[in-house]
Structures are given as C-alpha cells and as structure tokens.
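J.: Going line by line, the protein sequences match chains A and B. Quick note: to get my numbering, add 379 to the position in the first sequence (first position is 1). Quick note: to get my numbering, add 13 to the position in the second sequence (first position is 1). Before we start, here is the structure in question, set down as structure tokens.
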Amino acid sequence: MRRWAYFGIAIALVAAAPWLIATPYWRGILVLCAMNVLLALGLNLVIGYTGQLNLGQSAFFAIGAYATTILVKTYHWNFWLAAGAAVIGAGVLGLALAAFAVRLRGHYLAIASLGFAVITYQVLVNWESVTEGVRGIYGILPPVPSTVGLYYLIAGIALIVYWLMDNLVRSPVGDTLRAIREDEVSAASLGVKSALWKAFAFSVGAGVAALAGVFYPGFVGTLVPDAFNIIESFTMMAMVIVGGMGTMIGPVIGAVVLTFLPELLRGFGELRLMVYGLALTLVVLFMPGGIVQLAKRK
Amino acid sequence: MSDLAALIAQQSINGVYLGCLYVMVALGLTLIYGVLNQINFAHADFVTVGAFTAFFAATRLGTKMLGLPDAAGYLLSLFFALGIGALLGLAINAAVFAPLRERGDELRPLIATIGVSVLLENAQLALFGPIPYQFDSPFARETIRFGRIFFTGQSVLVVVVSALAIGALYAFMRFSFWGKALRAVAQDRETAGLMGINPGLLIGLTIVIASALAGMAGALLGPVIVLTPFAGASVVVKAFAIVIIGGFGNVQGTIIAGILVGIIEAFTVQYLGSGLIDLVVFVLLLAMLVVRPTGLIAERKEENV
C-alpha cells in the first residue's frame, strides 16, 4: 500500500512541477531533467543492480537520437515508428556489446565499453553522408510542439519505465541480477546463467538510454556528435552514484540534483561543471551509498 | 630507394616517434594497475597539466625571466612538468587511492578518479580557456634529412627522452632495493607486508612515478598536439587501448603495444586519413579482446574465486 502512496505522490509532483517553476527557461531544464532520469534509470540497471561497469551508455543515447532523427528526416518515417525502431535497434546493439561484456569483468569491461563509445562517436563524426558529421543536423522538430507537453511526455515515460523496472528488480529476475553483482562465480555455481542475464541487463539498459535519446534532438533542435562525447557517460554515472546506485529512487534523486545544481550555479560560469567532478569524488569518498544512504541513516 | 620504400621508412619512423609518446603515457597506467589493480582516469589530465606547466615554464620562466636560450628553456620545462606530475600523483594517492585501498572495491576508486578528471579538466578550462595554445618547441624547427627521409629534432628528442625514461625505470625496478620491493608488492601485497615492506608507501611511490611520467609526456606532447584543456583525454583514451592490447599491468607488453599503435596510426594517416585513427585503434582493441583478452604477452595470473 505504501508503495502505491509513494507512487501517487511522485505522479502529483511530476504533474505539478511545470506550474511550480513556470518560466520557459526552467521548463526547458525540467525536460532535460526528465531525460536525465531516464538515462540514470537505464545505467542503474547495468551498474547498480548487475554490477557491470558500463562506460558506453553515451553511445546508446546517441544511437537513439541519431536513428530517430535520420529515419524521420531522410526516410520520412512517422516519429513514433522511428522511435520504436531506434529503441529496439539500440537494444540489439546492447546485446552486441554484451557479447564482449559477458567475457570481461571490472576494468576490462570499463575500457571495452569506453572503446565502444569512442567508436560510435567516431562513426558519427566520419559517416558524413548519413550523419552530416560535425556540421550537424538542424531544424529538428519535437514530437509535441510545447515544452510543457514534451516534459509531460518524457516524464510520463520515465514514470512508466520506473514502474516497470521497480517490478523487475523486485521479481526473481532482480534477485538473479543482484546475485551476479555480488559474486558471479557463486551465482553460476547455483545454476544462474550469468552471461544470459548480463546480456539482458545490457540490452534493457541500452534500450532505456536510447529512449531518452529519442527525445533529445527535438528538444534541442540540432544534432551534433559532440553532444554524445564520452563525458556524457561520466555524467550519467555521476547521477547514479551521487543518488545511490543499486536502489531505484537513488538515481532519480541523483539525476534531479545534478540537473538542477549546475543550473543554480550558472553564475559561476565555467566552474559549474567542476561541481560534477567534485560531487562525484566526494560522494565516493565519504558517502558511498549516495544521497539515499544519508536519508536512511536517520 | 624507391618511392614506396621511402614512404614506408618515413611512416615507420613517424610511427615509432608517436609510439614513444604513447608509451610514456601508457606506462603510468600500467604501472599503477600492476601494483594496485586500479585505473587512474585522471591520468589524462595529468598529461594536460604537464603540457600547460611546460608551456608556461618554457615561455615565461625559461626564456623571459631567466633569459635562457629557447632549447635550454624547453629542456628545463620538461623537468617542471615531471615535478608537477609527481605532485599530482602524491595528491591523488592521498585523496583517493590511499583512503579507498582498504575497502577492496574496484568500482569506487575508478569512479572517484573520473570525478577528479572532470574536476581538473574544468579547472583548466576556467584557467586557460578553450582556445588552443601555440606551444613551439625549438627542436621542432630543426629538420634532419637522411636521403629522402625527414624528421624533426623534436622527434629525436622524444625518442631519446622516452628511451632514457624507460631505461631508468627498468634499472630502478630491476636493480634497486625499492624496485625489488615494488615488484614484491605487485606480486603479493600481504606477504610483502609480512617481510617488512610498507605496501602503502610503495604504492604511493608507484603512483608518483607513474604521474611524473604522465607530466613529462605532457611536456613532450605539448608542441605536437592541439594544446587545450581537453588535449590529454584524446591521448589517454588511446593509452587505455594500448594498455589492454599489451596486457594490463604488463610493462613489456605496453611498450610493444605502444610502438605498434604508433606505427598503425602513422600508416592510417597515410592511407585512410587522420579522421579514422581512433576508429582503427579501437576496432583493433575490441578485436584483441575477442581473440586474446590477456594481451600480446600473456601473463599467468591466478584469480581468487
């Protein structure tokens, strides 16, 4: 019952947010925030629940954005059809990365997935006939015209994804993923097909990141490869860690805090991005469970 | 000499020169991994800080304040970069690696160093701005010609300095007491501790050496790359690839892989264009992970189950 109550409060908060901060600029930040929540949720399943250090999420974010935009602009697909294809495509590519991931662990996986992100970025830069390279794609329209509409759309999707993922991690599948995170060898000895479940987590994580990517170009209006630099993977990781990885609500809190905090510090100019770095280091050193841990301790 | 032979010789020389620069960066990563099983993501920014330190030491301090000739000013700046690298190593060991070492977690120190990296990168952005600096090495002006093969004084300097650095490191690891103790810590930290070796001190020393190498690599790279606060990142991403291709923690493998990647890069520029370098290197890395995940030179390592 309490779960339903919390969920009701969350829906009310999400619905009220654009009327609590009603300037166009802050409404734009809300859209960004909803996107970041999706990204953090996707990464959390891989890194938080399955314990796989994936630094390649920016690639899936990019694939969602580019696939949707190219299918709509060049091939005149319907937006939703294109979005579905992009998400499924990213999920399949997630399986392809998992082919490496299931054999690798820890640092090897971190570097291999980083390599995947670098390759994807380089393909976006170099495959000019399709992606327009560094010149970028311009004049991209969002699926719904108003900022508030776009916010409700993405935040609604984020709520659904949260709900589904919350059920997933409570199910026996969640136990399986956590078992792999804690001790892969022991899990395997108990009959857990760890390769299969790691591939599953990678694929779902990739699909969710792509789902966030689907809405990014319409919101910004332009699409350039630099938006999907590997630093994006790091900022997603910062959200998950600062909020508290391996919990459902933690990454959401992390995404909200790390979206709004730099905006509040905008007066400091360049220094605001240092906040990400500093927050990440300090949280790891002094608050390994993230903000969520702080709330639990009282 | 035929055209093709001259071209191949020329690109091989360019490749070895590039490779030496990569080895200087990658060695630090592999050293830290060897004793600590950790990756320092801020290594890239140590390279960049080294490059900026060298730039200011050479142009402001060396030639303007001390009135040294250009060449001496640049050589002096190499040592300044080495020193600042060592200081950064001390700092990151004290702030991140030492406190997190005992918790025995491979994820957290990595993430903490990512944080340090983002912090350093943006601190430099605030200090130096995004516009590239023109770092002229006096050695880059000299061109040496052998028949139809050309190379600059800078490339000779890079090869000589990295050979000296690698040689000094080898001699230190092989023959000195501290080097032996270090290798003992790398093999088995607890047993080494029982023999009266202080592992914490030696791990700190390794991180300082590794970071000093990164700083000096930055001074050598400064005149070669586009010097911005993000300069180190592009090099270190390649250094990660080199460390994996060579086998994590394997010094010999890293040196071979570094030179190899340098040569591959030189020929990629010649035949495919400079835009595709990262693509080629990382496809090679992924292929390597599929075929031979232990690296070029396999080292047997028992794993705790």
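Where is the CB? At the ideal position from N, CA and C, for every residue including glycine.
Please classify Tyr87 of chain B: does DSSP put it in a helix, a strand, or coil?
T.: In the second sequence, counting from the first residue as 1, residue 87 of chain B sits at position 74. Reduced to three states, the DSSP call for Tyr87 of chain B is helix.
J.: Could you tell me the boundaries of the beta strand (DSSP E) in which Ile162 of chain B lies?
T.: Taking the first residue of the second sequence as position 1, residue 162 of chain B is located at position 149. Segment 162-165, the beta strand (DSSP E) holding Ile162 of chain B.
J.: Determine, using beta carbons only, whether Pro630 of chain A and Gly473 of chain A come nearer to each other than 8 Å.
T.: Against the first sequence, residue 630 of chain A aligns to sequence position 251. Against the first sequence, residue 473 of chain A aligns to sequence position 94. The answer is no: Cβ separation not under 8 Å.
J.: Just list the alpha helix (DSSP H) runs in the segment 429-478 of chain A, keeping only unbroken ones of 4 residues or longer that don't cross its boundaries, in chain order.
T.: 436-452
J.: Please name the residue, chosen from B:Val274, B:Asn50, B:Ala64, B:Gly86, that lies closest to Tyr487 of chain A on a Cα-to-Cα basis.
T.: Start at 1 with the first residue of the first sequence, and residue 487 of chain A comes out as number 108. Ranking the options by Cα distance to Tyr487 of chain A, first place goes to B:Asn50.
J.: What is the residue span of the beta strand (DSSP E) that Ile290 of chain B lies within?
T.: Taking the second sequence and counting its residues from 1, one reaches residue 290 of chain B at position 277. Not the beta strand (DSSP E): Ile290 of chain B falls in the alpha helix (DSSP H), residues 290-304.
J.: If the cut-off is 8 Å on Cβ atoms, which residues from the segment 281-307 of chain B count as contacting chain A, listed in chain order?
T.: Gly288, Leu289, Asp291, Leu292, Phe295, Val296, Leu298, Leu299, Leu302, Val303, Pro306
J.: In chain B, what lies closer than 8 Å to Ile620 of chain A by C-beta?
T.: The residue you call residue 620 of chain A lines up with position 241 of the first sequence. Correct list: Ile124.
J.: Between the Cα of Ala107 of chain B and the Cα atoms of B:Met37, B:Gly86, B:Gly217, B:Glu119, which residue gives the shortest distance?
T.: Your numbering for residue 107 of chain B matches position 94 in the second sequence. The shortest C-alpha separation from Ala107 of chain B is found at B:Gly217.
J.: Report yes or no: do the segment 26-39 of chain B and the segment 141-149 of chain B share at least 3 C-beta pairs separated by less than 8 Å?
T.: no
J.: Going by C-alpha distance, which of A:Leu664, A:Tyr655, A:Gly584, A:Gly622 is nearest Phe440 of chain A?
T.: Position 61 of the first sequence, counted from the start, is the residue given in the question as residue 440 of chain A. Measuring from the Cα of Phe440 of chain A, the nearest candidate turns out to be A:Gly584.
J.: Mark Arg645 of chain A as exposed unless 16 or more other C-beta atoms lie within 10 angstroms of its C-beta, in which case mark it buried.
T.: If you number the first sequence from 1, residue 645 of chain A lands on position 266. Arg645 of chain A should be labelled exposed.
J.: What residues match up with Arg158 of chain B in a beta bridge as DSSP calls it?
T.: What you label residue 158 of chain B is simply residue 145 of the second sequence in a count that begins at 1. Partner(s): B:Phe163.
J.: Would you mind telling me which residues of chain B sit closer than 8 Å to Thr638 of chain A, beta carbon to beta carbon, in chain order?
T.: In the first sequence, the residue the question calls residue 638 of chain A occupies position 259. Chain B residues near Thr638 of chain A: none, gap ~16 Å exceeds 8 Å.
J.: Start and end of the alpha helix (DSSP H) containing Ile52 of chain B?
T.: By one-based count along the second sequence, residue 52 of chain B stands at place 39. Membership of Ile52 of chain B in any alpha helix (DSSP H) is not indicated, and neither H nor E is assigned to it by DSSP.
J.: Please state whether the Cβ-Cβ distance between Val621 of chain A and Ala534 of chain A is less than 8 Å.
T.: Locating residue 621 of chain A in the first sequence gives position 242, counting from the first residue. Locating residue 534 of chain A in the first sequence gives position 155, counting from the first residue. Their beta carbons are not under 8 Å apart, which means Val621 of chain A does not touch Ala534 of chain A by this criterion.
J.: Which residue marks the beginning of the alpha helix (DSSP H) containing Trp405 of chain A, and which one marks its end?
T.: For the purposes of this step, residue 405 of chain A is taken as residue 26 along the first sequence, with counting starting at 1. 403-422 is the extent of the alpha helix (DSSP H) around Trp405 of chain A.
J.: Which of the three DSSP states, helix, strand or coil, is assigned to Gly146 of chain B?
T.: Within the second sequence, numbered from 1, the residue matching residue 146 of chain B stands at position 133. It should be pointed out that residue 146 of chain B corresponds to Tyr in this sequence rather than to Gly. DSSP places Tyr146 of chain B in strand when its eight states are reduced to three.
J.: Can you pull the chain B residues whose beta carbon is under 9 Å from the beta carbon of Asn505 of chain A, in chain order?
T.: As a working note, residue 505 of chain A is residue 126 in the first sequence. By Cβ distance, chain B contributes Gly286, Gly288, Leu289, Leu292.
J.: Over what stretch of residues does the alpha helix (DSSP H) that includes Trp191 of chain B continue unbroken?
T.: Here residue 191 of chain B refers to the residue found at position 178 of the second sequence. Taken as a continuous stretch (DSSP letters only), the alpha helix (DSSP H) holding Trp191 of chain B covers 190-200.
J.: Sorted by chain position, which residues of the same chain lie with C-beta nearer than 6 Å to Val293 of chain B's C-beta, five sequence neighbours on each side aside?
T.: Here residue 293 of chain B is taken as the residue at index 280 of the second sequence, counted from 1. Around Val293 of chain B: Thr281.
J.: Tell me whether the beta-carbon of Val321 of chain A lies closer than 8 Å to the beta-carbon of Ala461 of chain A.
T.: A query on residue 321 of chain A cannot be resolved here, the shown segment of chain A reaching from 380 to 677 and no further.
J.: Got a sec: is the Cβ-Cβ distance from Ile442 of chain A to anything in chain B below 8 Å?
T.: The residue labelled residue 442 of chain A in the question sits at position 63 within the first sequence. No Cβ of chain B is located within less than 8 Å of the beta carbon of Ile442 of chain A.
J.: Among all the DSSP beta bridges, which residues are the ones paired with Ile516 of chain A?
T.: Numbered from 1 along the first sequence, position 137 holds the residue referred to as residue 516 of chain A. Per DSSP, A:Leu602.
J.: Please confirm whether Tyr500 of chain A and Pro596 of chain A have their CB atoms less than 8 Å apart.
T.: The sequence position of residue 500 of chain A within the first sequence is 121, counting from 1. The sequence position of residue 596 of chain A within the first sequence is 217, counting from 1. It is not a contact, given that the beta carbons lie outside the stated cut-off.
J.: Looking only at its chain, what residues have a beta carbon closer than 8 Å to the beta carbon of Ala254 of chain B, apart from the 5 residues adjacent to it on each side?
T.: Numbered from 1 along the second sequence, position 241 holds the residue referred to as residue 254 of chain B. Val274, Val294, Phe295, Leu297, Leu298.
J.: Against chain B, does Gly629 of chain A count as a neighbour if the rule is that its beta carbon must be under 8 Å from one of theirs?
T.: As a working mapping, residue 629 of chain A is identified with position 250 in the first sequence. False, the Cβ-Cβ gap to chain B never drops below 8 Å.
J.: Is DSSP giving Leu538 of chain A helix, strand or coil here?
T.: On the first sequence, residue 538 of chain A is found 159 positions in, with the first residue counted as 1. DSSP places Leu538 of chain A in helix when its eight states are reduced to three.
J.: If Ile45 of chain B and Ile220 of chain B are in contact, beta carbons under 8 Å, what's the gap, nearest whole angstrom?
T.: Within the second sequence, the letter at position 32 stands for residue 45 of chain B. Within the second sequence, the letter at position 207 stands for residue 220 of chain B. Indeed, because the Cβ distance is near 6 Å, the residues count as touching under 8 Å.
J.: Could you give the distance in angstroms between the alpha-carbon of Gln283 of chain B and the alpha-carbon of Val169 of chain B?
T.: Taking the first residue of the second sequence as position 1, residue 283 of chain B is located at position 270. Taking the first residue of the second sequence as position 1, residue 169 of chain B is located at position 156. The straight-line gap from Cα to Cα measures roughly 21 Å.
J.: Assign Gln200 of chain B to buried or exposed, taking buried as 16 or more other Cβ atoms, counted over all protein chains shown, within 10 Å of its Cβ.
T.: By one-based count along the second sequence, residue 200 of chain B stands at place 187. It is exposed - the Cβ of Gln200 of chain B has fewer than 16 other Cβ atoms within 10 Å.
J.: Start and end of the alpha helix (DSSP H) containing Ile222 of chain B?
T.: Taking the first residue of the second sequence as 1, we reach residue 222 of chain B at position 209. Unbroken alpha helix (DSSP H) run through Ile222 of chain B: 212-234.
J.: Taking the C-alpha atoms as reference points, what is the distance between Ala413 of chain A and Ala537 of chain A?
T.: Counting from one through the first sequence, the residue named residue 413 of chain A turns up at place 34. Counting from one through the first sequence, the residue named residue 537 of chain A turns up at place 158. Their Cα atoms are separated by approximately 7 Å.
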